[in-house]
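2 protein chains.
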Amino acid sequence: MMEDVKVFGLWASPFTQRVVWALKLKGVNYEYIGEDLFNKSNLLLQYNPVYKKVPVLVHDGKPIAESMVILQYIDETWPQTPLLPQDAYQRANVLFWSKFIDEKTVDMMKFFRYDGEEQEKAMKENWESLRVMEKESGLSEKKFIGGNRIGLADLALGWVAHTLEAMGDVIGVKFITPDAFPHLHSWMGNFLEIPAIKNNLPPHEHAVEYFTEKRKMFLAMNYHHHHH
Amino acid sequence: MMEDVKVFGLWASPFTQRVVWALKLKGVNYEYIGEDLFNKSNLLLQYNPVYKKVPVLVHDGKPIAESMVILQYIDETWPQTPLLPQDAYQRANVLFWSKFIDEKTVDMMKFFRYDGEEQEKAMKENWESLRVMEKESGLSEKKFIGGNRIGLADLALGWVAHTLEAMGDVIGVKFITPDAFPHLHSWMGNFLEIPAIKNNLPPHEHAVEYFTEKRKMFLAMNYHHHHH
């Protein structure tokens, strides 16, 4: 039976990338529909009336929003290459870290919106979040957060191996160095070695160019906001 | 085999109540350990080093933190009275709403911390969150968010039927009225009828007394914060 799988996304969105990586890991064919954030399609608004955001997965006409919910759905629907361990306690551990990482993702992009004191403060919070992951997520003993195979929490964290690097390059800051975060740095290497990941990353220069423009926009918005 | 199940909690915490309700619904026996938030036990800090917060479930010596992660673990470990539908798409729908509700819970308690303009603003956001749930969560057609049985998203939302009411009584505001939110109001009735819920609610006067003290503390803190 031919399945109908569509992803409404934005190529530069870390949340979209999670979904793309999961489908590629599982070998699921899908149609990708790129959205224009300044002119969202009616279909996107209809499929995700609560958040009106990408990504949305549409499977046989039925829409699912929220990247972490989509990942769990993908894992249940296409069980090959499981993203969650079989054991309930280990699953809980992966879900705990997935939630931690998901909740930190938007916060951790804040440094990129601001300069000056606000940027400093946001950067400190990033170091603190990374420190918690470095110390508590068990990466000193495992290749990936869920064990020795890539899983749900790794896909959630994946953006730090690519988007955070691109954002950092624009600003001239590097968060995950081997000195500061040796385990996260090794994890990054392990993550980027997986074919479904490395073959499905936007080119780094392309991302840097995109975020350079974004950065200008954010700073202009802040200026506007502060002066009116 | 005797199972060893412990809950580290706080009786007035909506997050603790979710876990208690789930265990009661499933008929799982457990030992309850009340924490003092101003003098947390070493065990709590050891079991939840990332957040240092209740609730923590400890099952045969293994700790799990984060109420929504705990609920999924409980549902997988004790499958009787399932909290999630069997069908993957319906599961995704319940997980979507559970996440929405969980993320709004802390925000929706903000109105209680403030007065004046800040309170007004927080209250407006509450009406908006409730409006989204009233309109989009499908409660016009179902007794509960997941269908005709109580489930994960209902346990997440449960605090609005009790804690939000108590907070509202302290301040003199009622959010979920039959006029403003008829479907949420009916849901509240359905929710409070379930024996595992109604037999495991703190007495309303007890909650009102607790939140009256909390309110004084919050306002004193704001005053201190604004004037120093």
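These protein sequences, in sequence, are chains R and G. First residue of the first sequence: 1, per the UniProt record's numbering; consecutive thereafter. First residue of the second sequence: 1, per the UniProt record's numbering; consecutive thereafter. Heads up, the beta-carbon is just placed ideally off N, CA and C, and yes, glycines get one too.
Short CB-CB distance (under 8 Å) between residue i and chain B
i: Q72 (chain R); result: Chain labels in this structure do not include chain B; the protein chains are R and G.
Distance between residue j and residue i (C-alpha atoms, nearest Å)
i: A92 (chain R); j: S98 (chain R); result: 10 Å
i: L152 (chain G); j: W78 (chain G); result: 14 Å
i: K37 (chain G); j: W187 (chain G); result: For the sequence presented, residue 37 (chain G) should be read as Leu rather than Lys. So the two alpha carbons sit approximately 32 Å from each other.
i: M221 (chain G); j: F211 (chain G); result: 15 Å
i: P55 (chain R); j: V94 (chain G); result: 18 Å
i: P182 (chain R); j: Q86 (chain G); result: 41 Å
i: residue 242 (chain G); j: W127 (chain R); result: Outside the displayed span of chain G (1 to 228) sits residue 242 (chain G), for which this structure offers no information.
i: E120 (chain R); j: F112 (chain R); result: 10 Å
i: H204 (chain R); j: K174 (chain R); result: 15 Å
i: residue 273 (chain G); j: V170 (chain G); result: Shown here, chain G extends from 1 to 228; a query on residue 273 (chain G) therefore has no answer.
i: P178 (chain G); j: M123 (chain G); result: 18 Å
i: H206 (chain G); j: T105 (chain G); result: 21 Å
i: G9 (chain G); j: M68 (chain G); result: 14 Å
i: G168 (chain G); j: E103 (chain R); result: 28 Å
i: L139 (chain G); j: L130 (chain R); result: 40 Å
i: Y223 (chain G); j: E117 (chain R); result: 25 Å
i: H225 (chain R); j: K110 (chain R); result: 16 Å
i: Q90 (chain R); j: N190 (chain G); result: 34 Å
i: N200 (chain G); j: D154 (chain G); result: 15 Å
i: Q72 (chain R); j: Q72 (chain G); result: 12 Å
i: Q46 (chain R); j: E125 (chain R); result: 36 Å
i: M217 (chain R); j: M2 (chain R); result: 43 Å
Sequence-distant residues of the same chain with beta carbon closer than 6 Å to residue i, five excluded per side
i: S137 (chain R); result: W97, I145
i: I194 (chain R); result: I150
i: D60 (chain R); result: D4
i: P14 (chain G); result: W159, T163
i: W11 (chain R); result: P202
i: T81 (chain G); result: L25, K26
Nearest-angstrom Cβ-Cβ length linking residue i and residue j, presumed shorter than 8 Å
i: G172 (chain R); j: Q17 (chain R); result: Not confirmed; about 24 Å, so no contact.
i: I101 (chain R); j: A156 (chain R); result: 4 Å
i: L219 (chain R); j: D115 (chain R); result: 6 Å
i: I33 (chain R); j: V50 (chain R); result: About 19 Å separates the two Cβ atoms, so there is no contact after all.
8 Å Cβ cutoff met for residue i and residue j
i: E31 (chain G); j: L44 (chain G); result: no
i: N42 (chain R); j: A65 (chain R); result: no
i: L192 (chain G); j: A161 (chain G); result: yes
i: A62 (chain R); j: K52 (chain R); result: Ala is not the amino acid found at residue 62 (chain R); the sequence shown has Lys there. No, they are not a contact pair.
i: E76 (chain G); j: A88 (chain R); result: yes
Neighbourhood of residue i by C-beta, 8 Å cutoff - its chain only, sequence neighbours within 5 removed
i: T74 (chain R); result: Per the sequence presented here, residue 74 (chain R) reads as Ile, with Thr not at that position. Excluding positions up to five away in sequence, the list reads V19, A22, L23, K26, V28, L57, L83.
Residues near residue i in its chain [Cβ-Cβ closer than 7 Å; skip 5 each side]
i: A196 (chain R); result: W21, K24, L25
i: N148 (chain R); result: K142
i: E134 (chain R); result: F181, H183, L184
i: V208 (chain R); result: A166, D169, V170
i: R215 (chain G); result: F112, V170
i: K198 (chain G); result: L192
request  = Go through the UniProt domain "GST C-terminal" (87-218) of chain G residue by residue and report every complete run of the alpha helix (DSSP H) that reaches 4 residues or more, in order.
outcome  = 88-108, 116-136, 152-157, 163-171, 182-193, 195-198
inquiry  = In chain order, what are the residue ranges of uninterrupted beta strand (DSSP E) at least 3 long that sit wholly in the stretch 26-100 of chain G?
reply    = 31-34, 56-59, 62-65
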